[in-house]
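Numbered by mature numbering (1 follows the signal peptide of the UniProt record, and there is no 0), the letters in the sequence shown go through residues -21 to -1, 1 to 146 in order. The structure appears right after this line, and notes come after that.
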Amino acid sequence: MVSRGFIFGLMSLHLMMGCSGGNEMCKASIGGRRGACPPTWIQWGGKCYKAITEPLTWWEAKDECIKMGSVLVVPQSQEETEFLLQLQQSHFWINCNDLQEEGTWKCENDEVEFRNWSTGPENPQPDNWDGEHCAEVWVHQEGKWNDAHCDLQRPAICIQPAPQLHF
Ligand SMILES: *[C@@H]1O[C@H](CO)[C@@H](O)[C@H](O)[C@H]1NC(C)=O
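Next up, the structure:
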C-alpha cells in the first residue's frame, strides 16, 4: 500500500515542478498568493513596502532600495504615512531632497504632491540648519517631515508596485 506521506510528497513535487520558471499563473494558484508582494515585503494598497532597519546615509538608502528592484518611498497621503509609521520605530529617509537648488524640494516618483513638513512653533521645517538637503519622516511627530544632513544614518522604507497578474 502506498503511504499518505508518499502521495503528499508526490503532490508537492508536482506543484514545485509545475511552478518553477516563474510561471505566474502557477505562483498565483499556490496559497492564494494572487497579486501578493515578494516574501518579506508588506502590501498596502497596490504597493509593496519593505523597511530597512539598518541605519544608512540617504544615498546608501536610495541605492539599497534600487538594488532590491524598488525605490525609496515618498509618502503620498496621511493614510499612507500612518501605514509607514507602523514599519519603523525611528525617523526614516524618504525620496525628497533640495540638493540641486537650496529651498526647492523635489520628490522622486511622486504621483501627487504631498508634503507635510513639521510646523513646530520654534522650529518650522525645513530649516536648512547647517545645510540640510535630504528629507526624513519623524515617527515621534506622527509622520511630519524634517530636513536632515544627507550623510546622517537613518533607517528607510522602500516601495515597489504589487505584482499585477494577468490571466
Ligand atoms: C500632517 O500630519 C498630521 C499629523 O501630524 C496630520 O494630522 C495631517 O493631516 C497631515 N497633513 C496632511 C496635509 O495630510
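We treat Cβ as the ideally placed atom computed from N, Cα and C, and that holds for glycine.
query, result
"How about Cys86 and Ala40: are their beta carbons less than 9 Å apart?", "no"
"Pairs of beta-carbons, one from the stretch 28 to 39 and one from the stretch 120 to 135, closer than 8 Å: are there three or more?", "yes"
"Does DSSP put Cys86 in a helix, a strand or coil?", "strand"
"Judging by CA-CA distance, which residue of Val53, Asp126, Cys27 is the nearest neighbour of Asn107?", "Asp126"
"Is it true that the CB of Gly25 sits closer than 9 Å to the CB of Glu59?", "no"
"Closest Cβ-Cβ distance between Ile138 and chain C: below 9 Å?", "This model lacks chain C altogether; it includes just one protein chain."
"With a Cβ-Cβ cutoff of 9 Å, do Leu66 and Ala30 count as a contact?", "yes"
"Could you tell me the boundaries of the alpha helix (DSSP H) in which Asp42 lies?", "37 to 46"
"Helix, strand or coil for Phe62 per DSSP?", "helix"
"Buried or exposed: which applies to residue 156, given that a residue is buried once 16 or more other Cβ atoms fall within 10 Å of its Cβ?", "Because the chain here runs from -21 to 146, residue 156 falls outside it and cannot be looked at."
"Any idea what DSSP makes of Val50, helix, strand or coil?", "strand"
"Less than 9 Å separating the beta-carbons of Val91 and Ser56?", "yes"
"Glu111: buried (16+ other C-beta within 10 angstroms of its C-beta) or exposed?", "buried"
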